[in-house]
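**Q** In the working numbering, the protein residues as written are 367 to 896. Take a look at the following structure, please.
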């Protein structure tokens with residue numbers, strides 16, 4: 367009997383979900399089952415990681431630990447070698463702490479986990495796992511146990527391309543962002559998430575796991591491109607027919623998602639506790655902030671002599687023109703929203719002297735805070751946070767020296783072009799720190815809206831739902847306010863032995879350079895990489 371059902375909704379936000387549970391003119395009620403969850407369950411906002419990004423947030427969800435301990439800060443890990451910077455994609459081998467799939471499996475629970483990122487290559491004791499964020503060519507060898515992949519082939523019209531990212535298809539769709547292409551983009555993600563639903567339905571029915579977890583990531587991918595059509599605050603006063611058509615199609619995705627959620631809950635049975643959460647929320651970004659161009663203006667980042675256009679302006683490149691022998695600070699990726707300060711390891715190395723670090727960082731913070739809107743005087747960067755103020759743990763040295771929050775929560779641009787700040791022609795979807803957390807089923811308070819919880823509280827709550835003790839090195843806490851008094855009295859929260867350390871690097875072969883390039887293209891399309 368399935369005791370706990372966890373449904374991930376990547377990037378879900380109450381800004382969008384709240385309108386999906388209302389009767390709207392011309393659109394109807396898109397998510398009637400979500401409305402039932404709202405009315406008969408518990409919910410709260412869910413605070414993401416300090417940089418509200420998919421990798422650190424979902425890894426925190428899977429480990430109950432914050433990035434300073436689990437060690438994942440971005441999609442890409444930056445490594446400086448001599449005068450150059452190299453990039454490596456994070457994967458499960460970089461996670462320095464144990465995941466809940468392993469914790470529950472070691473405790474004798476049967477686990478199924480589907481489409482969660484950074485779960486490949488698979489670790490020991492993962493239960494039945496089909497990873498997300500992987501190339502379709504690697505889905506077979508990354509599925510655990512190996513025989514599970516053969517079972518997936520029993521599904522009608524099964525293809526690994528229907529589950530893993532179809533890079534060629536997605537790249538083709540996003541070459542142009544007209545409304546016709548966006549309509550195809552929505553339909554594609556309806557089909558793709560429907561395939562994950564089919565896998566979840568099969569394994570939930572056949573395996574009857576104690577913990578069933580599935581992540582639908584179409585919510586995030588869609589909102590990056592169609593948030594303008596979803597946020598009720600962005601509807602034009604006189605919307606065009608094309609706008610209304612695309613908005614209606616956007617609602618169709620959520621209508622389908624609601625039906626998948628309802629079917630999974632029904633299959634799990636009346637005794638199952640259901641939890642739904644996102645890794646972060648979403649909002650609208652209205653401007654481009656070219657942070658490396660600003661750092662170049664201030665002298666922190668230096669371009670190579672002779673590079674640039676004929677009129678002296680730099681070219682739109684990704685570090686090709688940066689002189690790392692003279693650069694003292696730069697932003698490595700848009701998704702990091704972070705600044706790396708280069709500190710010389712030994713005399714003669716590029717970067718600042720170690721004893722200059724504190725004074726240099728304070729001066730850099732002041733310069734970043736001085737970037738203001740010339741019309742209003744409002745700060746463009748509303749928060750500049752030191753790494754030790756927002757992270758702690760053994761992986762602290764791997765964090766960016768400074769993490770930035772823009773006034774519209776957008777990702778920075780790292781292109782060395784000007785102007786530094788420029789208005790977008792149309793609002794673009796971007797991440798917001800506040801995601802969603804919902805609970806439904808026996809023992810859950812009805813119609814309850816709680817205070818905001820943290821992303822690393824979710825795994826502690828799942829383990830509690832399974833009747834397991836919470837590892838004493840978890841940073842997350844059980845969201846006891848979601849449960850009614852009778853349930854808490856019979857099922858007190860227990861603390862147990864510490865979760866294990868991560869497995870570290872394995873002999874699993876890395877993906878090829880061509881496949882890595884495909885992944886980078888996908889991240890570029892979503893705005894995480896330039």
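Note that CB positions come from ideal geometry on N, CA and C, so glycine has one too. Quick caveat: nothing in here was measured; it's all calculated off a predicted structure.
From the DSSP output, in three-state form, read off residue 379 for me.
**A** DSSP places residue 379 in coil when its eight states are reduced to three.
**Q** Is it a yes or a no for the region 652-663 touching the region 774-787, going by three-plus beta-carbon pairs under 8 Å?
**A** Counting Cβ pairs under 8 Å, three or more are found: they touch.
**Q** Quick test of your reading: residue 624 and residue 399, contact by CB under 8 Å. State the CB separation rounded to the nearest angstrom.
**A** That pair is a contact at about 5 Å.
**Q** Using the DSSP secondary-structure output, state which residues sit across from residue 621 in a beta bridge.
**A** Beta-bridge pairing links residue 621 to no other residue.
**Q** Using only alpha-carbon positions, find the residue among 759, 843, 569 that is nearest to residue 479.
**A** With distances taken between Cα atoms, residue 479 lies closest to 569.
**Q** Could you give the distance in angstroms between the alpha-carbon of residue 405 and the alpha-carbon of residue 767?
**A** Going by the C-alpha atoms only, they are around 44 Å apart.
**Q** For the 8 Å Cβ check, are there 3 or more pairs between the region 456-468 and the region 518-529?
**A** Touching, no.
**Q** Across which residues does DSSP place residue 372 in a beta bridge pair?
**A** Answer is 579, 641, bridged to residue 372.
**Q** Nearest to residue 410 by CA position, among 485, 379, 392, is which residue?
**A** Selected option, being the one with the closest Cα: 379.
**Q** On the DSSP letters alone, give me the boundaries of the alpha helix (DSSP H) that residue 800 sits inside.
**A** Not the alpha helix (DSSP H): residue 800 falls in the beta strand (DSSP E), residues 800-806.
**Q** Please confirm if residue 555 has its CB atom under 7 Å from at least one CB of chain D.
**A** As a matter of chain content, chain D is missing from the structure shown, which is built from one protein chain.
**Q** According to DSSP, is residue 812 part of a helix, a strand, or is it coil?
**A** In the structure shown, residue 812 sits in coil (DSSP, three-state: anything other than H, G, I, E or B).
**Q** What residue range is occupied by the uninterrupted beta strand (DSSP E) comprising residue 652?
**A** It spans 647-655 - the beta strand (DSSP E) in which residue 652 sits, taken as one unbroken run.
**Q** Whole angstroms are fine: how far does the CA of residue 645 sit from the CA of residue 791?
**A** Residue 791 and residue 645: Cα-Cα distance of roughly 28 Å.
**Q** Are there 16 or more other CB atoms within 10 angstroms of the CB of residue 613, so buried, or fewer, so exposed?
**A** Classification for residue 613: buried.
**Q** Beta carbon of residue 471, beta carbon of residue 493: below 7 Å?
**A** In contact: residue 471 and residue 493 (Cβ atoms closer than 7 Å).
**Q** Quick one: which unbroken alpha helix (DSSP H) runs of 4-plus residues sit fully inside the region 703-764? Chain order, please.
**A** List check, alpha helix (DSSP H) in window: 723-735, 753-756.
**Q** The beta strand (DSSP E) that contains residue 478, what's its start and end?
**A** Its beta strand (DSSP E) spans residues 477-480.
**Q** Mind reading off the beta-carbon distance from residue 836 to residue 861? Whole number of angstroms is fine, and I expect it under 8 Å.
**A** Between residue 861 and residue 836 the Cβ distance is about 6 Å, and since that is below 8 Å, they are a contact.
**Q** Taking DSSP as the reference, what is the three-state secondary structure of residue 553?
**A** Here residue 553 sits in helix by DSSP.
**Q** Using 7 Å as the threshold, is the C-beta distance between residue 765 and residue 439 below it?
**A** Yes, these two residues count as a Cβ contact at 7 Å.
**Q** Any idea what DSSP makes of residue 675, helix, strand or coil?
**A** With a pLDDT of only 47 at residue 675, under 50, the local geometry of the prediction cannot be trusted, and the value read off the model is given with reservation. In the structure shown, residue 675 sits in coil (DSSP, three-state: anything other than H, G, I, E or B).
**Q** Compare the beta carbon distance of residue 382 and residue 401 with 7 Å and say whether it is the shorter of the two.
**A** Contact: no.
**Q** Can you tell me whether residue 840 is buried or exposed, with buried defined as 16 or more other CB within 10 angstroms of its CB?
**A** Answer is buried; the Cβ neighbour count reaches 16.
**Q** In terms of alpha-carbon separation, which member of 667, 546, 552 lies closest to residue 687?
**A** Per the Cα distances, 667.
**Q** Using the C-alpha atoms, what's the distance from residue 822 back to residue 547?
**A** Distance between the alpha carbons of residue 547 and residue 822 is about 37 Å.
**Q** What are the boundary residues of the alpha helix (DSSP H) that residue 508 is part of?
**A** Segment 505-508, the alpha helix (DSSP H) holding residue 508.
**Q** With distances taken between CB atoms, is the gap from residue 643 to residue 824 smaller than 7 Å?
**A** Yes, Cβ-Cβ distance for residue 643 and residue 824 is below 7 Å.
**Q** Just reading off the beta strand (DSSP E) that residue 410 is part of, what are its end residues?
**A** Looking at the DSSP string, the run of the beta strand (DSSP E) that includes residue 410 is 408-413.
**Q** From residue 498 to residue 505, what distance separates their C-alpha atoms?
**A** If I take the Cα positions, the gap works out to 9 Å.
**Q** Between residue 610 and residue 721, what straight-line distance do the alpha-carbon atoms span, to the nearest angstrom?
**A** Cα-Cα distance, rounded: 59 Å.
**Q** When we look at the beta-carbon of residue 576 and count the other beta-carbons within 10 Å, is it buried (16 or more) or exposed?
**A** So residue 576 ends up on the buried side.
**Q** I'd like to know whether the C-beta atoms of residue 798 and residue 819 end up nearer to each other than 7 Å.
**A** Cβ atoms of residue 798 and residue 819: not closer than 7 Å.
**Q** Given that a residue counts as buried once 16 or more other Cβ atoms are within 10 Å of its Cβ, and exposed if not, what is residue 711?
**A** The residue in question, residue 711, is exposed, as its Cβ has fewer than 16 Cβ neighbours within 10 Å.
**Q** Once you ignore the five residues that flank residue 419 on each side, which residues in its own chain have a CB closer than 6 Å to its CB?
**A** Answer for residue 419: 701, listed in chain order.
**Q** Got a sec, what are the start and stop residues for the beta strand (DSSP E) residue 494 sits in?
**A** Run containing residue 494: 494-496, per the beta strand (DSSP E) assignment.
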